[in-house]
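Residue 505 in the working numbering sits at position 491 of the sequence shown; the count goes up by one each step and never skips.
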Amino acid sequence: MTTKTSKSALVIMLLTFAGYALGYFNIFFVLPKYLTEAEIGIYRVLFDVAYLIYPFLQFGGINIVNKFFFEQKGNDGRLLGFSTFLFFVGLIIFTPIFLLNSEFILGKLGFIETYYSDYLKWIVLLLVLAIGMANLLGANLRNHRLVTGFNLYNSLWLRVAVSLAFTGFGLSFFDFDESIIFVTSLVLLGTIVLWIHSFYKTRTSSIPVLSVTGIGRTKMLGYGGVMLIGFGSTVFINKIDTLMTSGIIGLASAGVYSVAMAFSSIIEIPRRSVNQVLIPSISKAFTDNDTRKIEEVYKESSITLFFMSSFLFLCMYLSIGDLLEFLPNSEMYLSGKWVVIILGAAKVFDALWGVNSEILILSKYYKYNIVLLVVLLFTTVGLNLIFINDELLITGTAIATAITVLLYNVIRGIILYWKLRVLPFCKSHLWILSTSLVVIILQVFISDIIQTGLLRIILNTILAGGMFLVLLVKFELSTSLTNYRAQLLKLFGIN
């Protein structure tokens, strides 16, 4: 990655970390302090429904922007307009169907059964419109290498909206219904500001159009349709573990599992940040038929993500018991300790393979990814049926998920080597792995000596941070990490 690309990834990462911090503040303080269990359920379900629906209505619009951005000839506004057109067509078809069946649909989503008002169906539609349009704009900005605006919206603004709305409710500025309307209004406002930002920065319009000069409509629709199938499988793979946990061993277990997932999800921050920056580079490399560049990006992403994810995993693994003790009603969540560890290890393994998913999706072999996702969908269901039981409980769910992640990445890696002859591994990975093992061994002595939970957390974090800082400073692991090192040293005034 270039210095500019590394700087962009660092900015995204910092914004994402800030967003996660605010998100955790909402989850562990604002919501339980001011909302009842049913009210929390209503808020979560409304947003989850919106996030579940909008990609299907876009007919692969985001993927179309990413795939064909560098194939268009000076008319990228029309590409965004074409994707917007697909989204609006989906909305027009979906809206009357949803309005006619909204009470039945929302009633089947569990928490809504305890609280239903007619306005909720409009809230869902507005959230679908706002979040869906924001993500299309984000794809356009990302391909222009302008990532800060969308990440401010996605990482921070949505969480600020939740904090403001429900803190206002808790302080009796408005009732719960008004807080739902208020948070939805803030999401819409954020999308409008993002649209203005996108137009000002890129001079591209999102006005719906039917075609894009130089790119066949059939070609784009075919690609979008295949990506739609792939996304559908991905959504179900990501959701099925929680749903099956709830169905087999109960809603309370699913709640604990969700909290454990929230802990382990912080390990994904580097991947999400780096991927957003690298997608345009991968797309351009395929357009230029530059296999050497693709392999370079593949290795760079693998080393960078493995380094960062390993550090975050170690910080969590070394102190997870103490961290869970700090949660309100901590005794309810201690059973999720091994879930955090297993899911965290799976996310590190996922990071080890770098941007293999993005490379496969943006290549001419993208259909292999669709077939793989469909097969893994059924595999995931089967693994969950085997491992989720009264003995393993939510640990079984984590094991099933980890096996799925392992299979997905190994098979994807084999496909990329088979078709493109690229591999992500080199000796830098051995240095990172060796350092991680040394940290784990040294941590055993800290646990035996220090009895205070907070002090153990601090010392374990210093241990992991110190060892990885030495690794970063003393070794040239990758160009990307060297650029990060230079930026960090400059930040602290060190030459």
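C-beta: ideal position from N, C-alpha, C; glycine also.
When the Cα atoms are used, what is the spatial distance from residue i to residue j?
i, j, result
"Gly75", "Gly152", "12 Å"
"Asp132", "Asp191", "11 Å"
"Tyr57", "Val138", "11 Å"
"Asn168", "Ala360", "25 Å"
"Lys282", "Thr218", "The sequence shown places Glu at residue 282, not Lys. So the two alpha carbons sit approximately 31 Å from each other."
"Met241", "Phe82", "13 Å"
"Asn370", "Ser186", "49 Å"
"Phe125", "Ala144", "Its pLDDT being 43, under 50, Phe125 is placed unreliably by the model, and nothing is read from it."
"Leu332", "Phe277", "13 Å"
"Phe108", "Leu71", "8 Å"
"Val452", "Leu326", "15 Å"
"Ile293", "Leu235", "20 Å"
"Tyr237", "Ser448", "42 Å"
"Val63", "Leu134", "11 Å"
"Ala35", "Ile41", "10 Å"
"Leu569", "Val458", "There is no way to answer for residue 569, as the model of the chain reaches only from 15 to 509."
"Tyr312", "Leu113", "45 Å"
"Lys381", "His158", "26 Å"
"Phe340", "Ile280", "17 Å"
"Ala175", "Ser199", "9 Å"
"Arg285", "Ile317", "11 Å"
"Leu105", "Gly350", "39 Å"
"Val103", "Tyr68", "12 Å"
"Arg231", "Glu405", "53 Å"
"Gly239", "Met481", "47 Å"
"Gly33", "Leu348", "25 Å"
Checking 8 Å against the spacing of the C-beta atoms, do residue i and residue j come in under that value?
i, j, result
"Thr98", "Leu150", "yes"
"Val79", "Leu94", "yes"
"Phe363", "Leu328", "no"
"Phe321", "Leu495", "yes"
"Met429", "Leu376", "Correcting the residue identity first, residue 429 is Ile in this sequence and not Met. No, they are not a contact pair."
"Thr411", "Tyr271", "yes"
"Leu141", "Leu60", "yes"
"Ile460", "Asn474", "yes"
"Ile7", "Ile262", "Lying before the first or after the last residue shown, residue 7 is absent from the chain, which here runs from 15 to 509."
"Leu29", "Leu155", "no"
"Ser442", "Leu491", "yes"
"Ile408", "Val354", "no"
"Phe180", "Leu45", "yes"
Beta-carbon within less than 7 Å of residue i's beta-carbon, same chain only, minus the 5 sequence neighbours each way: which residues are those?
i, result
"Ile521", "As displayed, the chain neither begins before 15 nor continues past 509, which places residue 521 out of reach and without an answer."
"Val487", "Arg499"
"Phe31", "Ile283"
"Ile373", "Ile296, Ile308, Tyr312, Leu430"
"Val288", "Ala23, Ser315, Thr318, Leu319"
"Glu53", "Phe190"
"Gly335", "Lys351"
Closer than 8 Å by C-beta to residue i: which residues in its own chain qualify, once you throw out the five before and the five after it? Chain order, please.
i, result
"Thr418", "Ile251, Leu390, Thr393, Thr394, Leu397"
"Gly182", "Phe188, Ser193, Phe196"
"Leu337", "Phe277, Met330, Ile471"
"Val388", "Ile243, Ser247"
"Leu477", "Leu332, Val453, Leu456, Gln457, Ile460"
"Ile446", "Ile317, Phe320, Phe321, Ser324, Leu485, Leu491"
Taking DSSP as the reference, what is the three-state secondary structure of residue i?
i, result
"Arg499", "helix"
"Val369", "coil"
"Lys378", "coil"
"Thr393", "helix"
"Tyr133", "coil"
"Thr218", "coil"
"Phe31", "helix"
"Glu127", "Reliability of the predicted coordinates at Glu127 is poor, the pLDDT of 49 falling under 50, and the value obtained from them is presented with this limitation in mind. Helix at Glu127."
"Asn303", "coil"
"Ser492", "coil"
"Gly74", "coil"
"Phe340", "coil"
"Phe83", "coil"
"Leu100", "helix"
"Leu49", "coil"
Suppose the cutoff is 6 Å on Cβ atoms and the five residues either side in sequence are ignored; what does the same chain contact list for residue i look like?
i, result
"Tyr422", "Leu390"
"Glu309", "Val436"
"Leu357", "Ser278, Ala412"
"Gly37", "Arg173"
Hey, which unbroken runs of the alpha helix (DSSP H) at 4 residues or more fall wholly within the segment 402-479?
-> Runs of the alpha helix (DSSP H) lying entirely within the segment 402-479 and spanning at least 4 residues, in chain order: 408-434, 441-463.
Please specify which runs of the alpha helix (DSSP H), each continuous and at least 4 residues long, are wholly inside the segment 150-216, giving them in chain order.
-> Correct list: 162-165, 172-184, 190-216.
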